[in-house]
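Have a look at the structure below before the remarks.
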Amino acid sequence: MIKCDFLVIGSGIAGLTFALKAAKEGTVLIVTKKEKSDANTNYAQGGIASVFSPDDSFDLHIEDTLKAGDGLSKTGVVEIMVREGPHLVQELMDFGVQFSKKVSRRAKKALDLGMEGGHSKRRIVHSKDLTGKTIETALLNALKADKNIEMLENHVAVDLTIDSRKEHKRCCGAYIYENKSWNVNPVVSRMTLLATGGAGQLYLHTTNPSIATGDGTAMAFRAGVPVANMEFIQFHPTSLYERGETERAFLISEAVRGEGAFLRTVDGKTFMEKYHPRKSLAPRDIVARAIDTEIKKSGDKYVLLDTSPIGRRRFKNRFPTIYNVLVDRGIFPQNKSIPVVPAAHYLCGGIATDSDAKTTLKGLYAAGEAAYTGVHGANRLASNSLLEALVFSERAFRDAQRKLPNLTFSTRKVPMFMRKRKKRAEKMIVVHNREIIKKIMWDYVGIVRRESRLIEALKRVITIKEEVERIFSSTQIFTELIELRNMAQVAELIIRSALMRKESRGLHFIVDYPHRDDRYWKKDTIITRGDRI
Ligand code: FAD
Ligand code: SIN
Numbered sequence: 003m004i005k006c007d008f009l010v011i012g013s014g015i016a017g018l019t020f021a022l023k024a025a026k027e028g029t030v031l032i033v034t035k036k037e038k039s040d041a042n043t044n045y046a047q048g049g050i051a052s053v054f055s056p057d058d059s060f061d062l063h064i065e066d067t068l069k070a071g072d073g074l075s076k077t078g079v080v081e082i083m084v085r086e087g088p089h090l091v092q093e094l095m096d097f098g099v100q101f102s103k104k105v106s107r108r109a110k111k112a113l114d115l116g117m118e119g120g121h122s123k124r125r126i127v128h129s130k131d132l133t134g135k136t137i138e139t140a141l142l143n144a145l146k147a148d149k150n151i152e153m154l155e156n157h158v159a160v161d162l163t164i165d166s167r168k169e170h171k172r173c174c175g176a177y178i179y180e181n182k183s184w185n186v187n188p189v190v191s192r193m194t195l196l197a198t199g200g201a202g203q204l205y206l207h208t209t210n211p212s213i214a215t216g217d218g219t220a221m222a223f224r225a226g227v228p229v230a231n232m233e234f235i236q237f238h239p240t241s242l243y244e245r246g247e248t249e250r251a252f253l254i255s256e257a258v259r260g261e262g263a264f265l266r267t268v269d270g271k272t273f274m275e276k277y278h279p280r281k282s283l284a285p286r287d288i289v290a291r292a293i294d295t296e297i298k299k300s301g302d303k304y305v306l307l308d309t310s311p312i313g314r315r316r317f318k319n320r321f322p323t324i325y326n327v328l329v330d331r332g333i334f335p336q337n338k339s340i341p342v343v344p345a346a347h348y349l350c351g352g353i354a355t356d357s358d359a360k361t362t363l364k365g366l367y368a369a370g371e372a373a374y375t376g377v378h379g380a381n382r383l384a385s386n387s388l389l390e391a392l393v394f395s396e397r398a399f400r401d402a403q404r405k406l407p408n409l410t411f412s413t414r415k416v417p418m419f420m421r422k423r424k425k426r427a428e429k430m431i432v433v434h435n436r437e438i439i440k441k442i443m444w445d446y447v448g449i450v451r452r453e454s455r456l457i458e459a460l461k462r463v464i465t466i467k468e469e470v471e472r473i474f475s476s477t478q479i480f481t482e483l484i485e486l487r488n489m490a491q492v493a494e495l496i497i498r499s500a501l502m503r504k505e506s507r508g509l510h511f512i513v514d515y516p517h518r519d520d521r522y523w524k525k526d527t528i529i530t531r532g533d534r535i
């Protein structure tokens, strides 16, 4: 058994920034299920939205965020995020993150601020199109030197451990599976942070890497913590269309549209003017739905992103990674337009937290994409998620710092998880069920929903969930099985939330209730284990 003051589950921006601060107060153990840089953070392209320009203001950033959130974002929490953002972006630079600067001599040290959909001003702080990797690398370098931080790669959190005695009720840490030895050991902590990221892998087409299976959300739910607004799945409008299936769709950053690229159909017609005054730079839910509609209408497999207004040299300089990938695949942005389709990208809902990232379970915090803070409401504004992760992991740290002197280790003895079992389930069964979930979610719980399809999806997902639970409790567990159990759980939560919300708002569009209904639905959908729904 390992003991630490802070257990951090996940090594993306939320987990790492929390760990670097917590290490000043006590011992930190980071567990991460694959390689340490295997995180959504590492793939972020566009950047971090934050107010740095003299012609921008907190009020405008707040207004844009609330507008994108379509009536469900919590104003107070949005204000916190926007106001605390610039200081934490500056702190990233102090950790060694190099953001792109303007090239002109007059504006020597000014940040080069990008533009993205739904923003009324240029406010995206970026490192060309490798923002996430630049951040992840700098944070990992910074924590190398810290003796108070230990990191375990290829270790998978399976479930939280709870002291359930009434007067002591709290989180005591988690059971951690080690990939190499197949052992599951308890880690006992004074405080635990779930920073496990999103759940894009629940969908057939996603921009998310393989780690994004909703583990933290499922673990928290099983521990009795409420989850909120799971129906709001953000589809990024422009992932690169490729023939056949890929584990992860390559993203064509919204910043490309921010620099002037625009959408048109395969036969050359622009269409975004029919859907929103901001055309190709409308909020994401609108662009993704417009593309979905146009593709269904024309029967084409994709629409085109015309990059000609940017020019080859500028494109190559501003988006070197995207450029190289396109060249590799025989698409030259200057000569040809880029074939693009929407793909599942971001989970707006998640583990319900307050504005200090606390969950309802004592000793348990959640931050980053795994958490639901109330910032994004029904739709996330572009580049607000790295910012949210930064701000609320910092607030988790500050709250934990205040509470630490009065929070000792739980006195409850943590039971063993289960003995090693000789029998391992066939991987084929796990792979097969994973594929089925991804297909069900894509076909039945996608950009445009229908009640009858959601009901059918729920039936199928529950059958898979029950089968997986049987396998999980009777055979030797392994990473893919742990993930599948979580995926089935999170799929069920998404579908149930989608069925609860009897209106269309933001990212949740359901043909049976095509309008926003503020009389009944200007509220969150919250599900807690044991609820009768
Ligand atoms: P992640 O960075 O996803 O990290 C999660 C960590 O948890 C990983 O280390 C993972 O291995 C670990 N983990 C998960 N489950 C377990 C488990 N059971 N046990 C142990 N470890 C576990 N947002 C922006 O604001 N701007 C952008 O420009 C932007 N671009 C994006 C581009 C792409 C292609 C993608 C996919 C996302 C983008 N986003 C962007 C979203 C943003 O990157 C993520 O929301 C953010 O990085 C999430 O950070 P996180 O720390 O919460 O989670
Ligand atoms: C992008 O670069 O388009 C992604 C930005 C985001 O998801 O916020």
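When the letters of the sequence shown are read in order and numbered with the numbering used here, they come out as residues 3 to 535.
The beta-carbon is built from N, C-alpha and C at its ideal position, and this holds for glycine as well.
Query, Result
"Beta-carbon separation (whole angstroms), I173 vs L363, contact threshold 8 Å", "Correcting the residue type first, residue 173 is Cys in the shown sequence and not Ile. So it is a contact: roughly 5 Å between Cβ atoms."
"Secondary structure of K360, DSSP reduced to three states", "strand"
"Touch test, the segment 252-272 against the segment 47-63, Cβ-Cβ under 8 Å, three pairs minimum", "yes"
"Check: Y348 C-beta below 7 Å from any heavy atom of the ligand SIN", "yes"
"Host beta strand (DSSP E) of A176 (start-end)", "R172 to E180"
"Beta-carbon spacing of R436, Q478 below 8 Å", "no"
"Supposed close pair S506, I512 - CB separation, criterion 8 Å", "6 Å"
"Continuous alpha helix (DSSP H) stretch holding T219: start and end", "D217 to R224"
"Simplified DSSP state of E93, which is helix, strand or coil", "helix"
"Option in A24, S13 and G17 with minimal Cα separation from R404", "A24"
"Pair within 8 Å by beta-carbon distance, A51 and S385", "yes"
"Beta-bridge partners of C6, as assigned by DSSP", "S191"
"Nearest neighbour of G262, chosen from R291, R316 and L409 [CA to CA]", "R316"
"Cβ-heavy atom distance, A144 to the ligand FAD, below 7 Å", "no"
"Proximity winner among S183, E468, K524 and L495, relative to G508 (alpha-carbon distances)", "K524"
"Straight-line gap, V53 to H63 (C-alpha atoms, nearest Å)", "7 Å"
"I544 to K299 span [Cα, whole Å]", "In the structure as shown, the chain begins at 3 and stops at 535. Residue 544 is therefore absent and cannot be evaluated."
"Short Cβ contact (8 Å threshold) for A21 with L196", "no"
"CB of A354 within 8 Å of CB of Y374, strictly", "yes"
"Coil, strand or helix - G202 by DSSP", "helix"
"beta-carbon A222 near the ligand FAD non-hydrogen atom, thresh 7 Å", "no"
"Residue range of the unbroken beta strand (DSSP E) whose run includes R266", "F264 to R266"
"T465 burial status per 10 Å Cβ neighbour count (16 or more: buried)", "exposed"
"Distance between G14 and T139 (C-alpha atoms, nearest Å)", "10 Å"
"Distance between beta carbons of S357 and E371, contact taken as under 8 Å", "Actually they do not touch by this definition, with Cβ atoms about 17 Å apart."
"Cβ-Cβ distance between Q203 and C350 below 8 Å", "no"
"Contained beta strand (DSSP E) runs [length at least 3] in the segment 317-401, N- to C-terminal order", "340-349, 352-354 and 366-368"
"Separation of N181 from T481, as counted between CA atoms", "7 Å"
"Buried versus exposed, by CB contacts within 10 Å (16 or more), I312", "buried"
"The ligand SIN heavy atom lying under 7 Å from the CB of S387", "yes"
"Enclosing beta strand (DSSP E) for S183 [first to last residue]", "Unbroken run through S183: none, as it is neither H nor E."
"beta-carbon V121 near the ligand SIN non-hydrogen atom, thresh 7 Å", "It should be pointed out that residue 121 corresponds to His in this sequence rather than to Val. Not under cutoff, so the answer is no."
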